[in-house]
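Engineer: Below you will find the structure I want to go over with you.
In our numbering, the protein residues as written are 1183 to 1990.
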């Protein structure tokens, strides 16, 4: 230990004597270690940290799949869930839930709350107890007895001032009184990955789910495995149950299967690959930084040949020398780790502020013991990795040659040159792979932004409304009257060009419903004919600038008692009537024996209802007068900044119903931006890493060539004294540097062709081996390497032969 402390003190004094070298090494290490720590903190929070439940690895989630049409559903119907729960024996408990958005009124402003309606056993599956009060009793789940509610910790603190006597008090939700029976602990999160609107309260499911249709899919299902049951056994049992239900309910369940995945997978499945790609990118960045520092240490070791030779002559063995040099490099790495950790703190704040809300658990990213241990480990390993080769190289010093005045061993120079060249080649190769990844993602993101969403998002305000059933029963004149008056009044506001409503705005998804075509035989159960279904007011297409391709749009005559009509998109027309004109054709969403039948009166342009990267799906629109909904979105095209209209629109809504709050207030441009937030975030991060990598690679090439020029000053002087021209000297130096660069590019090209295939699913309209990206990155990296060679090459051209011949 005393020897180690002595080596450490000596190493720190040595580093302090060379502030330029130390600063360059610390900056490279801080960037590499800091980026790794910041990204690892994200990966740790999202992928590695267990969910905040008791034994979370035993909790699984279900979804139903219609495999022939390649539709993945994360929900099921009440009857199917009930049969699963009754028949499955692999689970301790099974429960279902769905999102709900009640209006909280009473004291203070009315507020739309993100809630969750749950079935019996929900909290048993998660094995969580309230911080105050209790969970629901079995009889409180029954319709008519379900006016009870459990609050989240955040809701309790924000709205009720952390009232310790909240249990037993009554709150008003959507016009109905509910009794507070519990408050959840602060760490509890709902069993849903949606982080954009965290759940603030839980209430029992309000409907008798056993009396609903088997394709009325709206429930998310979770369950806890029994201790002696594996997930494979549970899947086998559920496949048997699903097969039995398919035979029993052929018309509804044919072709549908059930997938069971760990609950954690449901949270992070969509972002796992992107997280690993980013983690791989920063690992490459760290390796580049280590190679850079190793190159600096090799050059410094060559300058310390005489010092090391003297220590050897005084009796220091090779092992002792390696220990001393490794102690210096580890000390340097630990200092870099401290600086990197400071950068990571800033980086984590930046990541959480820039990170899209759609990334699950992004709000849980923080420094913890695991991140600190990771940073320490990375620092120690880095110190050994970049210090070992220089230490071994320096400890091989030729004692006789090193002690000679002016002595320089050609063999030693060759050894050191080879080591530095290998490190520079590694930097170039790693940088090339990282730049290719960034280039592919940048091109992919560029193509994604060029996708025509099918509508004009400029200056359009959108906000959501949901009328409470207590005041506006479904299908009553009160619902139609509210929205009719609202549209009329908002249309009169200054700066409002047009206004309409829709039940699901673009890029936010919509219901997918099966239908039958009049005059055609019903398709087999496993060949569902379906389309996305939206309900709109007549002005909707005009507000969003969706073009009419054929037929007509909705008009005032398409009233409640008029013949039922629908408008379809171009994709639906091409898919289901490829050789016919669909105008005038009739379809039904119900039983073909009884209808009702909807007449197709128009065809409009395609709109991306789900996501820009997804091809437009068949879509049908129904007029609001014939398919009323209590929950609708208002879309307002303005002649000014849309968000400036919010106060005026709010006042019009309150004039109609003072207890009706607005929520999800945003512009369509914000909706469009949010839809590409994840790929934009990935591109931004990997782009930053790529820029750092190319700078480090350029520094690496520069240091190799610059040191080589310094070492070969005597040789260059002799060449010039013998008549060599400056152009020949320039060519000599550049060839040396570019040889290293081209070898690195070649190796990087081979590695990139293999590694980029792993990120294929993250790309849009770009192949993992896109030739243009590979060519462009090769040119850029070769150009950077050439620029890094030119500075020392120009210095070599200015060598004075007389001075060089006297150079030691």
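From the three backbone atoms N, C-alpha and C, an ideal C-beta is built for every residue, glycine too.
Quick one: using the 10 Å Cβ neighbour count with 16 as the cut-off for buried, is residue 1997 buried or exposed?
Structural biologist: Shown here, the chain extends from 1183 to 1990; a query on residue 1997 therefore has no answer.
Engineer: Compare the Cα-Cα distances from residue 1214 to each of 1629, 1726, 1524 and 1802 and report the closest residue.
Structural biologist: Numbered from 1 along the chain shown, position 32 holds the residue referred to as residue 1214. Selected option, being the one with the closest Cα: 1524.
Engineer: Alpha carbon to alpha carbon, what distance is there between residue 1229 and residue 1260?
Structural biologist: Sequence index remark: in the chain shown, residue 1260 carries index 78 (1-based). Sequence index remark: in the chain shown, residue 1229 carries index 47 (1-based). Going by the C-alpha atoms only, they are around 31 Å apart.
Engineer: Could you check the C-alpha separation between residue 1941 and residue 1473 for me, to the nearest Å?
Structural biologist: Taking the first residue of the chain shown as 1, we reach residue 1941 at position 759. Taking the first residue of the chain shown as 1, we reach residue 1473 at position 291. Cα to Cα, the separation comes out at about 25 Å.
Engineer: Less than 8 Å between the CB atoms is what I'm expecting for residue 1750 and residue 1801, so what's the real figure, rounded?
Structural biologist: Within the chain shown, the letter at position 568 stands for residue 1750. Within the chain shown, the letter at position 619 stands for residue 1801. 7 Å between Cβ atoms; contact.
Engineer: So, are the CB atoms of residue 1926 and residue 1715 less than 9 Å apart?
Structural biologist: Translated into the one-based positions of the chain shown, residue 1926 becomes position 744. Translated into the one-based positions of the chain shown, residue 1715 becomes position 533. Taking 9 Å as the Cβ cut-off, residue 1926 and residue 1715 do not qualify as a contacting pair.
Engineer: Distance check for residue 1864 and residue 1558, CA to CA, integer angstroms please.
Structural biologist: Here residue 1558 refers to the residue found at position 376 of the chain shown. Here residue 1864 refers to the residue found at position 682 of the chain shown. Taking the straight line from one Cα to the other gives about 26 Å.
Engineer: Write down the C-beta distance between residue 1669 and residue 1827 rounded to the nearest angstrom, noting that I regard them as a contact closer than 8 Å.
Structural biologist: Sequence index remark: in the chain shown, residue 1669 carries index 487 (1-based). Sequence index remark: in the chain shown, residue 1827 carries index 645 (1-based). That pair is no contact at about 14 Å.
Engineer: Would you report the Cα separation of residue 1709 and residue 1699, rounded to the nearest angstrom?
Structural biologist: In the chain shown, residue 1709 corresponds to position 527, counting from 1. In the chain shown, residue 1699 corresponds to position 517, counting from 1. Whole-angstrom Cα-Cα distance: 14 Å.
Engineer: Determine the DSSP secondary structure at residue 1759, reduced to helix, strand or coil.
Structural biologist: The residue you call residue 1759 lines up with position 577 of the chain shown. Coil, per DSSP.
Engineer: Can you tell me whether DSSP reads residue 1753 as helix, strand or coil?
Structural biologist: Working through the chain shown from its first residue, we reach residue 1753 at position 571. Of the three classes helix, strand and coil, the one that applies to residue 1753 here is helix, per DSSP.
Engineer: What is the rounded straight-line gap between the Cα of residue 1281 and the Cα of residue 1956?
Structural biologist: By one-based count along the chain shown, residue 1281 stands at place 99. By one-based count along the chain shown, residue 1956 stands at place 774. Spanning the two alpha carbons is a distance of roughly 46 Å.
Engineer: Smallest Cα separation from residue 1450: which of 1392, 1544 and 1932?
Structural biologist: Start at 1 with the first residue of the chain shown, and residue 1450 comes out as number 268. It is 1544 whose Cα lies nearest to the Cα of residue 1450.
Engineer: If you drop the 5 nearest sequence neighbours on each side, which residues of the same chain put their C-beta closer than 6 Å to that of residue 1675?
Structural biologist: By one-based count along the chain shown, residue 1675 stands at place 493. Around residue 1675: 1830.
Engineer: Can you tell which of 1819, 1948, 1403 and 1517 has the C-alpha that lies nearest to the C-alpha of residue 1795?
Structural biologist: As a position in the chain shown, residue 1795 is number 613, starting the count at 1. Checked all of 1819, 1948, 1403 and 1517; the closest Cα to residue 1795 is 1948.
Engineer: For residue 1328 and residue 1385, which I take to be in contact (beta-carbon distance under 8 Å), what is that distance rounded to the nearest angstrom?
Structural biologist: Looking up residue 1328 in the chain shown gives position 146. Looking up residue 1385 in the chain shown gives position 203. That pair is a contact at about 7 Å.
Engineer: For the beta strand (DSSP E) containing residue 1908, name the first residue and the last one.
Structural biologist: As a first step, residue 1908 is located in the chain shown; it is residue number 726 there, counting from the start. Counting along the chain, residue 1908 falls outside any beta strand (DSSP E), though it belongs to the alpha helix (DSSP H) covering 1908 to 1937.
Engineer: For residue 1299, collect the residues of the same chain with a Cβ closer than 6 Å to its Cβ; drop the 5 residues on either side in sequence, then sort them by chain order.
Structural biologist: Looking up residue 1299 in the chain shown gives position 117. Excluding sequence neighbours, residue 1299 sits near 1280, 1282, 1385 and 1387.
Engineer: Exposed or buried, residue 1252, counting other C-beta atoms within 10 Å across all chains shown (16 or more means buried)?
Structural biologist: Here the question's residue 1252 lines up with position 70 in the chain shown. Because the pLDDT at residue 1252 is just 44, under 50, the model does not fix this residue reliably, and the value given afterwards should be weighed accordingly. By the neighbour-count rule (16 or more Cβ atoms within 10 Å), residue 1252 is not buried but exposed.
Engineer: Would you call the segment 1547 to 1556 in contact with the segment 1508 to 1515, where contact means no fewer than 3 C-beta pairs closer than 8 Å?
Structural biologist: Touching, no.
Engineer: May I have the straight-line CA-CA distance separating residue 1397 from residue 1431, to the nearest angstrom?
Structural biologist: In the chain shown, residue 1397 corresponds to position 215, counting from 1. In the chain shown, residue 1431 corresponds to position 249, counting from 1. Going by the C-alpha atoms only, they are around 11 Å apart.
Engineer: Excluding the 5 residues preceding and the 5 following residue 1587 in the sequence, name in chain order all residues of the same chain whose CB lies nearer than 7 Å to its CB.
Structural biologist: In the chain shown, residue 1587 corresponds to position 405, counting from 1. Confidence at residue 1587 is low in this model, with a pLDDT of 47, below 50, so the placement of that residue should be treated as unreliable; the coordinate-derived value is given next. The answer is none, since no qualifying residue turns up.
Engineer: DSSP has residue 1352 in a bridge; who is on the other side?
Structural biologist: Stepping through the chain shown from its first residue, residue 1352 is reached at position 170. 1361.
Engineer: List the whole-angstrom C-beta distance separating residue 1791 from residue 1691, where the pair is believed to meet the contact cut-off of C-beta under 8 Å.
Structural biologist: Translated into positions along the chain shown, residue 1791 becomes position 609. Translated into positions along the chain shown, residue 1691 becomes position 509. Residue 1791 to residue 1691, Cβ: 7 Å. Contact.
Engineer: Return the bridge partner residues of residue 1820 from the DSSP annotation.
Structural biologist: Here the question's residue 1820 lines up with position 638 in the chain shown. Answer is 1678.
Engineer: The beta strand (DSSP E) spanning residue 1382 covers which residue range?
Structural biologist: Reading the chain shown from its first residue, position 200 is the one you call residue 1382. Segment: none, residue 1382 is in no beta strand (DSSP E) and carries neither H nor E.
Engineer: Between 1443, 1661, 1277 and 1687, which lies nearest to residue 1302 when the distance is taken from Cα to Cα?
Structural biologist: Mapped onto the chain shown, residue 1302 falls at position 120. Minimum Cα distance to residue 1302 is reached at 1277.
Engineer: If you draw a straight line from the C-alpha of residue 1235 to the C-alpha of residue 1406, how long is it?
Structural biologist: Reading the chain shown from its first residue, position 53 is the one you call residue 1235. Reading the chain shown from its first residue, position 224 is the one you call residue 1406. Cα to Cα, the separation comes out at about 11 Å.
Engineer: Taking just the CA atoms, how far does residue 1755 sit from residue 1293?
Structural biologist: Stepping through the chain shown from its first residue, residue 1293 is reached at position 111. Stepping through the chain shown from its first residue, residue 1755 is reached at position 573. When rounded, the distance between both Cα atoms is 42 Å.
Engineer: Using CA coordinates, which residue listed in 1618, 1693 and 1811 is at the minimum distance from residue 1661?
Structural biologist: Within the chain shown, the letter at position 479 stands for residue 1661. Nearest option by C-alpha distance: 1811.
Engineer: Expressed to the nearest angstrom, what Euclidean distance is found between the alpha-carbon atoms of residue 1966 and residue 1526?
Structural biologist: The residue given as residue 1966 occupies position 784 in the chain shown. The residue given as residue 1526 occupies position 344 in the chain shown. Those two C-alpha atoms are separated by around 28 Å.
Engineer: Please work out which residues of its chain come closer than 7 Å, Cβ to Cβ, to residue 1408, disregarding the five sequence neighbours upstream and downstream, and give them in chain order.
Structural biologist: Numbered from its first residue, the chain shown carries residue 1408 at position 226. Here the set comprises 1272, 1273 and 1274.
Engineer: So residue 1857 and residue 1685 are supposed to be a Cβ contact under 8 Å. How far apart are they, rounded?
Structural biologist: As a working mapping, residue 1857 is identified with position 675 in the chain shown. As a working mapping, residue 1685 is identified with position 503 in the chain shown. Not really, about 18 Å apart at Cβ, beyond 8 Å.
Engineer: Report the three-state DSSP secondary structure of residue 1837 (helix, strand or coil).
Structural biologist: Along the chain shown, one-based indexing puts residue 1837 at 655. Here residue 1837 sits in helix by DSSP.
Engineer: List in chain order: all unbroken alpha helix (DSSP H) runs of 4+ residues lying wholly within the segment 1603 to 1675.
Structural biologist: Here the runs fully enclosed are 1659 to 1673.
Engineer: Please name the residue in 1389, 1616 and 1391 whose C-alpha comes closest to that of residue 1869.
Structural biologist: Locating residue 1869 in the chain shown gives position 687, counting from the first residue. Out of 1389, 1616 and 1391, 1616 has the C-alpha closest to the C-alpha of residue 1869.
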